[in-house]
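Just so we're aligned: 207 in UniProt numbering is position 207 of the sequence shown, and the numbers increase by one with no gaps anywhere.
Here a beta-carbon is modelled for each residue, glycine too, at the ideal position from N, C-alpha and C.
Being a predicted model, the structure only gives us computed values, none of them experimental.
Everything below concerns the one structure shown next.
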Amino acid sequence: MTLLDTLQENLWITRGTRAVFVDFSVYNANLNLYCICKIIFEFLPPGGVSPAVQFTPAALTPVGNIWDWILRILLYCFSAYIMYCLCEEIREMVHFKGTYFIQFWNYVDLIIIMLTCLLVVGTEYMRAVLALYIEEILHNPTRYGNLETPGIIYQVVKTSGAVLLFFVYLRTFKYLNFSRRMAQLNNTIRNCSKDILGFSVMFFVAYFAYAELGYLVFGSQTDEFRSFGQSMFTLLRTILGDFDYEKISNANWIVAPVYFLTYIILVFFVLLNMFLAIINDTYADVKIDIAIAPKKIEMSEYIKKKCQNLFKKFWMCSERRKGETNDD
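Put into C-alpha cells, the structure is as follows:
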C-alpha cells in the first residue's frame, strides 16, 4: 500500500490510468518451487476496479540429487535417439520423395522430433536464463527480480513435454497392426475416413447454423450464447446432456422450445446415429475381410513360438548334462 500511495503522489496513478500491475515472486525452499504472481487492477471507463490474478507455479531450479542427474541423462539419451530418428526420416524423404508425405505416421514422427528438440533446447535455455536472473538478484538484493520470462519458458517446456507424451502414446497405434484383433481398429478408421469426411460436412453445416441462431437470438440475454464460439461450445455440451433450458426460455419463450427440440432431434437422434452407423457398418466389413483373408503369423504367436523353442533347448541341454553325469 505504501508503494501504491507513492505512485499516486508522484502522479504515476491518475484518472487516466487504465491498469496497475503488481508483480512478485515467492520461493518455497522445502518444495523447491517458485510461484510467479501477477495481480492486475483494471480501471473501467464507467468507474470501479476489476481485479484479476495469475499465479504460475514453476519448478525452475533442479534439486541436484541423483534422480535429477538420472533424468537429465535419460533426456540426453532420448535426444540422441531422436537425432538418429531424424537422420532416418531425412533418408526416407530422399528415398521415397513425394510418397513420403502421404503416410500419416510420418507426420507423427516429425511432430515428435520437433517437440523433442523444443523440449531439450527449452530446458537448457530456461536453466541458462534462470542462472542469469538468480545471479542478478544475488548481486542486487534490493531490486525486484522479475522471473516472468523463465516462468513463460517453463510453461512452454511443460506444454511441449505434455504434447510430446501424447504423440508418443498415439504412435503406439502404428504397431498394433501386428495383432489381428487390434488391427481391426486401425482398418476401421482408415476405411471409413472418406464417409466420415463427407458426413462431417453435413454435420457442421447444421451445427454452425444452430450456433449462429442461438448467438443471434439468445446472445444478448444469455451468457452461454454471448459469442459465436461460446454458442458452439454450449451446443457441444448439450450433446453431453449439460444444458440449462430455463435460461434460453427466459430469454425468448417462443423460439426456445422449437430451437431446443429441433436441435436434439436433428443432431442427437439423427446425425449422431448416422455417424455411429457409418462406423458400425465399416467395422462389420473389416471383420469379414479379416476373417476371409489368409491367416498370417501374429506377433504374439511368433514370440510364443520363440519362447517355446528357447525353453525346449534349455530342457534338452539340461537332460543331456544329466545323461552325461549318469554315464560318468
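Three or more beta-carbon pairs under 8 Å between the segment 152-167 and the segment 107-121, yes or no?
-> yes
Mapping DSSP to helix, strand and coil, what is Y34?
-> Here residue 34 refers to the residue found at position 34 when the sequence shown is read from its first residue. Reduced to three states, the DSSP call for Y34 is strand.
Between D195 and I70, which are expected to be in contact by the criterion C-beta below 8 Å, what is the C-beta distance as a whole number of angstroms?
-> For the purposes of this step, residue 195 is taken as the residue at position 195 of the sequence shown. For the purposes of this step, residue 70 is taken as the residue at position 70 of the sequence shown. Between I70 and D195 the Cβ distance is about 49 Å, and since that is not below 8 Å, they are no contact.
So what's T56 in DSSP terms, helix, strand or just coil?
-> The residue labelled residue 56 in the question sits at position 56 within the sequence shown. T56 falls in the strand class under three-state DSSP.
Are I40 and L147 close, meaning C-beta to C-beta below 8 Å?
-> Taking the sequence shown and counting its residues from 1, the one referred to as residue 40 is at position 40. Taking the sequence shown and counting its residues from 1, the one referred to as residue 147 is at position 147. Taking 8 Å as the Cβ cut-off, I40 and L147 do not qualify as a contacting pair.
Endpoints, alpha helix (DSSP H) assigned at Y81 | Here residue 81 corresponds to residue number 81 of the sequence shown, with the count starting at 1. I66 to F96 is the extent of the alpha helix (DSSP H) around Y81.
Between I153 and T159, what straight-line distance do the alpha-carbon atoms span, to the nearest angstrom?
-> Indexing the sequence shown from 1 puts residue 153 at position 153. Indexing the sequence shown from 1 puts residue 159 at position 159. Rounded to the nearest angstrom, the two C-alpha atoms are 10 Å apart.
Does DSSP put I265 in a helix, in a strand, or in coil?
-> Residue 265 sits at position 265 when you count from the first residue of the sequence shown. It is helical.
Given a cut-off of 8 Å, decide if I239 and V267 are closer than it, judged by their beta-carbon atoms.
-> Within the sequence shown, numbered from 1, the residue matching residue 267 stands at position 267. Within the sequence shown, numbered from 1, the residue matching residue 239 stands at position 239. Going by C-beta atoms, V267 is nearer than 8 Å to I239.
Are D285 and N191 touching if we call contact CB-CB under 8 Å?
-> Taking the first residue of the sequence shown as 1, we reach residue 285 at position 285. Taking the first residue of the sequence shown as 1, we reach residue 191 at position 191. It is a contact, given that the beta carbons lie within the stated cut-off.
Can you give me the Cβ contacts of M126 inside the same chain, cut-off strictly under 8 Å, excluding the 5 residues immediately before and after it?
-> On the sequence shown, residue 126 is found 126 positions in, with the first residue counted as 1. Result list for M126: L60, P150, I153, Y154 and V157, in chain order.
Any idea if M232 is buried or exposed, counting beta-carbon neighbours within 10 angstroms, 16 or more meaning buried?
-> Counted from its first residue, the sequence shown places residue 232 at position 232. Label assigned to M232: buried.
Cutoff 6 Å; reference K174; Cβ partners in own chain excluding five residues on either side = Taking the sequence shown and counting its residues from 1, the one referred to as residue 174 is at position 174. Counting only Cβ-Cβ distances below 6 Å, and skipping sequence neighbours, we find W105.
Counting Cβ pairs, one atom from each stretch, are 3 or more of them under 8 Å apart for the segment 91-99 and the segment 128-138?
-> no
Residue interval of the alpha helix (DSSP H) (run including D223) = Residue 223 sits at position 223 when you count from the first residue of the sequence shown. No alpha helix (DSSP H) holds D223; DSSP gives it neither H nor E.
Taking 7 Å as the line, does the beta carbon of T238 fall inside it for any heavy atom of the ligand NAD?
-> As presented, the structure is devoid of all ligands, the ligand NAD included, so that no description of it is given.
Under a Cβ-count criterion, where at least 16 other Cβ atoms within 10 Å of its own Cβ denotes burial, should G241 be classed as buried or exposed?
-> One-based indexing of the sequence shown puts residue 241 at position 241. Its Cβ having fewer than 16 others within 10 Å, G241 is exposed.
Determine which residues share a DSSP beta bridge with P39 and list them.
-> On the sequence shown, position 39 is the one that residue 39 refers to. Looking at the sequence itself, residue 39 is Ile, so the reference to Pro does not match. In DSSP, I39 forms a bridge with V22 and V53.
Please state whether DSSP places Y27 in a helix, a strand or coil.
-> As a working mapping, residue 27 is identified with position 27 in the sequence shown. Of the three classes helix, strand and coil, the one that applies to Y27 here is strand, per DSSP.
Run through DSSP, which three-state label would residue 331 get?
-> Only positions 1 to 328 of the chain appear in the structure, and residue 331 is not among them; the question remains open.
Do A211 and F199 have their CB atoms nearer than 8 Å?
-> Against the sequence shown, residue 211 aligns to sequence position 211. Against the sequence shown, residue 199 aligns to sequence position 199. Cβ atoms of A211 and F199: not closer than 8 Å.
Coil, strand or helix - D242 by DSSP | Working through the sequence shown from its first residue, we reach residue 242 at position 242. D242 falls in the coil class under three-state DSSP.
Neighbourhood of I137 by C-beta, 8 Å cutoff - its chain only, sequence neighbours within 5 removed = Mapped onto the sequence shown, residue 137 falls at position 137. Cβ neighbours of I137 beyond the five flanking positions: R143 and G145.
State the CB to CB distance for the pair I265 and F218, rounded to an integer number of angstroms; the pair is presumed to be in contact (CB under 8 Å).
-> By 1-based counting over the sequence shown, the position of residue 265 is 265. By 1-based counting over the sequence shown, the position of residue 218 is 218. Not confirmed; about 19 Å, so no contact.
When you compare only the Cα positions, how much space is there between R180 and T172?
-> For the purposes of this step, residue 180 is identified with residue 180 of the sequence shown, where counting begins at 1. For the purposes of this step, residue 172 is identified with residue 172 of the sequence shown, where counting begins at 1. Roughly 15 Å between the two C-alpha positions.
Locate the alpha helix (DSSP H) running through Y154, then write down its first and last residues.
-> Your numbering for residue 154 matches position 154 in the sequence shown. Note, Y154: alpha helix (DSSP H), E148 to R171.
Sequence-distant residues of its chain with Cβ nearer than 7 Å to M182 (five each side left out) = Within the sequence shown, numbered from 1, the residue matching residue 182 stands at position 182. Cβ within range, chain order: L176.
Check the C-beta distance from A251 over to Q221 and give it rounded, since I have them as a contact under 8 Å.
-> Locating residue 251 in the sequence shown gives position 251, counting from the first residue. Locating residue 221 in the sequence shown gives position 221, counting from the first residue. Yes, A251 and Q221 are in contact; Cβ-Cβ is about 4 Å, under 8 Å.
Per-residue burial, F225 [other beta carbons within 10 Å of its own, 16 or more giving buried] | Here residue 225 is taken as the residue at index 225 of the sequence shown, counted from 1. Looking at its Cβ environment, which holds 16 or more other Cβ atoms inside 10 Å, F225 is buried.
For V120 versus L75, is the C-beta spacing smaller than 8 Å?
-> In the sequence shown, the residue the question calls residue 120 occupies position 120. In the sequence shown, the residue the question calls residue 75 occupies position 75. Yes, the pair counts as a contact, with Cβ atoms nearer than the cut-off.
Host alpha helix (DSSP H) of S193 (start-end) | As a first step, residue 193 must be located in the sequence shown, where it is residue number 193. First-last of the alpha helix (DSSP H) with S193: S193 to F218.
Pull up the distance between the alpha-carbon of R15 and that of L3, whole angstroms please.
-> Your numbering for residue 15 matches position 15 in the sequence shown. Your numbering for residue 3 matches position 3 in the sequence shown. One C-alpha to the other measures close to 18 Å.
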